[in-house]
Amino acid sequence: MDTIAAMATARGTAGVGVLRISGEEAVATAEQVVRRPNGAALADAPARTLVRCALLDGSGAVIDDILAVVFPAPHSYTGENVVELQCHGAPVVLEEGMRALFAAGARQARPGEFTKRAFLNGRMDLTAAEAVIDLIDAETVQEAHNAALQLNGAVARPAGQVYDALMEIASRFYAVVDYPDEDIEPLQQEEIARTLQEGAAALRALLSTAERGRILKKGVRTAIVGRPNVGKSSLLNALLGYERAIVTDVAGTTRDTVEEKVLCGGVLLRLTDTAGIRETEDAVEKIGVERSRKAMEQAELVLAVLDSSRSVTEEDTAILEQAARHEKWILIWSKADLPAEGPAPCVCFEAPYHAPAAVVSVSAVTGQGLDVLEQTVAQEFPLPEAQEGTLLTNNRQSEAVGRALKAVCSARQALEAGLTPDAVLTDVEEALAALGELIGKTVREDLVATIFSRFCVGK
Ligand SMILES: Nc1nc2c(ncn2[C@@H]2O[C@H](COP(=O)(O)OP(=O)(O)OP(=O)(O)O)[C@@H](O)[C@H]2O)c(=O)[nH]1
Ligand SMILES: [Mg+2]
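For what it's worth, our numbering labels the leading residue of the sequence shown as -1, then goes sequentially.
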């Protein structure tokens, strides 16, 4: 494969900036842009050890004092020869260094190309490669933790075990299909049924993590709803810690939905502040109210806000009724720093209504009650146990596991119904194909291209 190079660190001034080179000719290419003080060749530098060099521009002038490290194939990130040049993080130096590398024969790496090569060279399976993107894009510590464990095979390992077990079954069935005189003995049949059952259980367990995985990565869809002026936007701002949404004492300030991600009780919330819900003749506000209702419908968590300094109106009760249709919702009494007006609304939460997960008094001004709100959210969306790390975090993965599970179940049914061996085999092969796709043993080229195009350049 040709030799590729890229800036591995983000653009901009920084203490250090790393240029990464990979390919058969990586060392020879780097050799042309660096000079060791003793005149020794970079190729002779001890492997995986930092050596001090001068970085040269295209004309051979020294432009930086750097550290270089050579990772000879196959013990490198990509499995190829890799050189990393740790320069000072000055954009001009790094750009000049890149230009010199191109002149020396390297070409600009495409997004994700280093990791793609790592995958193609068998340095990591596809779920691990995807974990690299997740890790780079992680917005919470939990997300990073999950990705780090996946990088180490937390998804590939159980999926690989099922794959191997199915392969074993498939090979027995091949024998039976190819040599009709052979037969699967009842004892063997029982064992196969048990293996299929265990495989199905393992896949089901993996699939059941997808929902939590999605929440971990994308955040909980959360709507802040209430009638105008109750303090919805103030609550959003208080949770964010800065003035994101406009707050005024005019009822109907928020016209459109405002969405922001925020970490609340360690849980990533995709918070939507909405226009206050009320009957209105204003054409723009009408659309806003419509959007508020929609945001509430689509939310996994509803924060229904009531103004504790005002008496409760019928509009409030109507909004509570809508909120209570959700399995998870929290009733928030806002403006807790002001004298309370009361009385509390008498709403009965019988089926199909759900009782709120908590009733919390909050002040956006003093911050009172925000901690209780955070605790409630943490309780409602418990994070995965530390060390678990097998949460499926993308649709591609859960789709493949789902397909494998379906095929394994249908293989089991075929076996129990006493269908011909090739009927069982077809299902087992389908499950193998799906699992192969998950971990990247048998994956279509276009799919690989799509997956790696989500990366940044230099990774
Ligand atoms: N004292 C006090 N005032 C608050 C609090 N929260 C909001 N307010 C005031 O209440 C008024 C309305 O606040 P907003 O956050 O704009 O209310 P909203 O629900 O977003 O209103 P709309 O966007 O019109 O639906 C503003 O004057 C705020 O300063 C609070 O916790 N304490
Ligand atoms: Mg508002």
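Even glycine gets a Cβ: it sits at the ideal position worked out from N, Cα and C. Keep in mind the model is a prediction, meaning the values are calculated, not measured.
Asked: Give me whichever residues DSSP pairs with Q84 in a beta bridge.; Found: V16, L65
Asked: Would you say the stretch 257 to 276 touches the stretch 214 to 221, given that touching needs at least three Cβ pairs under 8 Å?; Found: yes
Asked: Does the beta-carbon of C85 have 16 or more other beta-carbons within 10 angstroms, so that it is buried, or is it exposed?; Found: buried
Asked: Could you check what DSSP says for E111 in three-state terms: helix, strand or coil?; Found: helix
Asked: Give every residue of the same chain whose Cβ lies closer than 8 Å to the Cβ of A384, excluding the five residues on either side of it in the sequence, and list them in chain order.; Found: Reliability fails at A384, whose pLDDT of 47 lies under 50, so the model's placement of it is uncertain and the value that follows must be treated cautiously. Excluding residues within five positions, the ones whose Cβ falls inside 8 Å are H143.
Asked: Kindly indicate the opening and closing residues of the alpha helix (DSSP H) around D314.; Found: 312 to 321
Asked: Nearest to G21 by alpha carbon, out of Q106, R452, A322, A355?; Found: Q106
Asked: Does ligand 1 have a heavy atom nearer than 7 Å to the CB of A273?; Found: yes
Asked: In chain order, what residues of the same chain have a beta carbon less than 8 Å from the beta carbon of L17, not counting five sequence neighbours either side?; Found: A3, A4, M5, A6, E82, L83, C85, L92, G95, M96, L99
Asked: Could you give the residue range of the alpha helix (DSSP H) that holds E258?; Found: No alpha helix (DSSP H) holds E258; the beta strand (DSSP E) holding it covers 256 to 262.
Asked: Rounded to whole angstroms, what is the Cα-Cα separation between S169 and I19?; Found: 43 Å
Asked: Mapping the DSSP letters down to three states, classify T272 as helix, strand or coil.; Found: coil
Asked: What number of angstroms, rounded off, separates the C-alpha of A200 from the C-alpha of D181?; Found: 28 Å
Asked: Which class does R170 belong to by DSSP, given the choice of helix, strand or coil?; Found: helix
Asked: Counting only the same chain and skipping the five closest in sequence on each side, list residues whose C-beta sits under 6 Å from that of L390.; Found: T207, A208, G211, S396
Asked: In terms of residues, what are the limits of the alpha helix (DSSP H) holding A145?; Found: 139 to 149
Asked: Give the DSSP-derived three-state secondary structure of M294 in the structure shown.; Found: helix
Asked: At a cut of 8 Å, does the stretch 301 to 315 reach the stretch 226 to 237 through at least three beta carbon pairs?; Found: yes
Asked: Less than 6 Å between C-beta atoms, sequence neighbours within five positions excluded: which residues of the same chain meet that for A43?; Found: V49, V68
Asked: Would you list the residues sitting across from R33 in a DSSP beta bridge?; Found: A52
Asked: In or out: H73 buried (at least 16 other Cβ within 10 Å) or exposed?; Found: exposed
Asked: Residues bridged to R46 by DSSP?; Found: According to DSSP, which records beta bridges pairwise, R46 is partnered with nothing at all.
Asked: Should G229 be listed as close to ligand 1, given that the test is whether its C-beta is under 7 Å from any heavy atom?; Found: yes
Asked: Who are the Cβ neighbours of E283 in its own chain at under 7 Å, not counting the five residues just before and after it?; Found: G250, R253, A273
Asked: Between which two residues does the beta strand (DSSP E) holding A356 run?; Found: 356 to 359
Asked: Return yes when the Cβ of Q148 is within less than 8 Å of the Cβ of A126, no when it is not.; Found: yes
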